[in-house]
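With the UniProt record's numbering applied, the sequence shown corresponds to residues 1 to 292, in that order. C-beta: ideal position from N, C-alpha, C; glycine also. Worksheet: one structure, shown below.
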Amino acid sequence: MDCCRHVNPFRACAGLRGLGYLMVALVAAIAAASYYAVVVYAWGPVLLDGGAAAAGAAAVLAAFHVLLAMIMWCYLMVVFTDPGSVPENWRHDAEYSGDPGSSSEEQGSAPRYCSRCQNGKPPRCHHCSVCNRCVLKMDHHCIWVVNCVGARNYKYFLLFLVYTFAETVLDTLVLIPNFVEFFQDESRRSSSPGDTAILFVAFVLNLAFVLSLLCFIGMHTSLVTSNTTSIEVHERKKSVSWKYDLGWRRNLEQVFGTKKLFWFVPLYSTEDLHNIPALRGLEFPTRSEAIV
Numbered sequence: 001m002d003c004c005r006h007v008n009p010f011r012a013c014a015g016l017r018g019l020g021y022l023m024v025a026l027v028a029a030i031a032a033a034s035y036y037a038v039v040v041y042a043w044g045p046v047l048l049d050g051g052a053a054a055a056g057a058a059a060v061l062a063a064f065h066v067l068l069a070m071i072m073w074c075y076l077m078v079v080f081t082d083p084g085s086v087p088e089n090w091r092h093d094a095e096y097s098g099d100p101g102s103s104s105e106e107q108g109s110a111p112r113y114c115s116r117c118q119n120g121k122p123p124r125c126h127h128c129s130v131c132n133r134c135v136l137k138m139d140h141h142c143i144w145v146v147n148c149v150g151a152r153n154y155k156y157f158l159l160f161l162v163y164t165f166a167e168t169v170l171d172t173l174v175l176i177p178n179f180v181e182f183f184q185d186e187s188r189r190s191s192s193p194g195d196t197a198i199l200f201v202a203f204v205l206n207l208a209f210v211l212s213l214l215c216f217i218g219m220h221t222s223l224v225t226s227n228t229t230s231i232e233v234h235e236r237k238k239s240v241s242w243k244y245d246l247g248w249r250r251n252l253e254q255v256f257g258t259k260k261l262f263w264f265v266p267l268y269s270t271e272d273l274h275n276i277p278a279l280r281g282l283e284f285p286t287r288s289e290a291i292v
């Protein structure tokens, strides 16, 4: 029994970081197989052969590479952007002013303190056991990006999901003829066994990602339009009206900003970063009529 008392359960959480690197390698392998199947084998030769089908092949390859570039851009932004760290010795404004009531109402929560970080916790902030720190407006720790998803990289994560979904849908559709060929008699197949195996694996994996990402995107669409994080879902169910729900349009702006031209790229305008406190992760507007 004494030895059990000294077991640190958070070490298992920290091990998820190592698993994350394996997941990144897995995704890279899937992307490489898809690239070979779509570009090198299926549609590249069609483009090089010319003829009437070359225009369609050019469109497929252009869309494939544009989506791939957006996926990589968004992915790198999710990985290398700090989701939001709590400033050292951060305290609620009410603690400084000596008025314990004002800040609680404005921020929508009572002052909180993290005993592990030895620091104050802003509203919607949670401690991540994997990263071993508090993360501003934490949504979840994602092993696929080896990083937390929080206030400052949530938009990039959502764009990564959307562009990955679009890419996998494209891959699935353009590989259907080759997938059908897999079930033909071996004597009628035009590809080698190795190419056939890669095409089969690429199609099945892309189809699996399409189905899983569709569910994931649906879930996060509901979260964004209601201004809720994955962690806050249970808390929201206990409230008569969610205090952070400002209406779907303003909720979208709390994540994507007000400049619609920036909604589709992992960037924010300087004006939005200055005028929308939620993008910085320390302050969040609330509904004054919200009932908890």
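Point to revise | Contact set for residue 226: own chain, Cβ-Cβ below 7 Å, skip 5 residues either direction | key: Cβ neighbours of residue 226 beyond the five flanking positions: 242, 245, 251.
Exercise for review: With hydrogens ignored, establish whether the beta-carbon of residue 123 is closer than 7 Å to any heavy atom of the ligand FAD.
Suggested key: This structure does not include the ligand FAD; it has no bound ligands of any sort.
Review point. Taking Cβ positions, are residue 257 and residue 282 nearer each other than 8 Å?
Key: Cβ distance not < 8 Å, so residue 257 and residue 282 don't count as in contact.
Exercise for review: Write down every uninterrupted run of the alpha helix (DSSP H) in the UniProt domain "Palmitoyltransferase DHHC" (111–234) whose length is 4 residues or greater and which is fully enclosed by it, in chain order.
Suggested key: Every unbroken stretch of the alpha helix (DSSP H) spanning 4 or more residues and falling wholly within the UniProt domain "Palmitoyltransferase DHHC" (111–234) is given here in chain order: 154–174, 176–182, 193–225.
Check your understanding: Counting along the chain, where does the alpha helix (DSSP H) carrying residue 274 start and finish?
Key -> 270–275 is the extent of the alpha helix (DSSP H) around residue 274.
Check your understanding: On the premise that residue 154 lies in contact with residue 74, defined as a C-beta separation below 8 Å, what is that separation, rounded to the nearest angstrom?
Key -> Actually they do not touch by this definition, with Cβ atoms about 12 Å apart.
Practice item. Starting from residue 49, follow the alpha helix (DSSP H) in both directions and report where the run begins and ends. Key: Unbroken alpha helix (DSSP H) run through residue 49: 44–49.
Check your understanding: Between which two residues does the alpha helix (DSSP H) harbouring residue 287 extend?
Key -> From DSSP, residue 287 is part of no alpha helix (DSSP H); its letter is neither H nor E.
Review point. Residue 85 by DSSP, collapsed to three states: which one?
Key: Correct three-state label for residue 85: strand.
Exercise for review: Would you mind reading off the limits of the alpha helix (DSSP H) that contains residue 40?
Suggested key: Following the DSSP letters along the chain, one finds residue 40 in no alpha helix (DSSP H), marked with neither H nor E.
Practice item. Check whether the Cβ atoms of residue 41 and residue 199 lie closer than 8 Å to each other. Key: Yes, these two residues count as a Cβ contact at 8 Å.
Exercise for review: Compute the Euclidean distance between the alpha carbons of residue 166 and residue 67, then round it to the nearest angstrom.
Suggested key: Residue 166 and residue 67: Cα-Cα distance of roughly 7 Å.
Review point. Taking the C-alpha atoms as reference points, what is the distance between residue 181 and residue 49?
Key: Straight-line measurement puts the Cα of residue 49 at about 20 Å from the Cα of residue 181.
Check your understanding: Which first and last residues belong to the alpha helix (DSSP H) in which residue 57 is found?
Key -> In the DSSP annotation of this structure, the continuous segment of the alpha helix (DSSP H) that includes residue 57 starts and ends at 53–80.
Point to revise | Validate contact between the region 124–138 and the region 202–210 using beta carbons, cut 8 Å, 3 pairs | key: Because the criterion of three Cβ pairs below 8 Å is not met, the region 124–138 and the region 202–210 do not touch.
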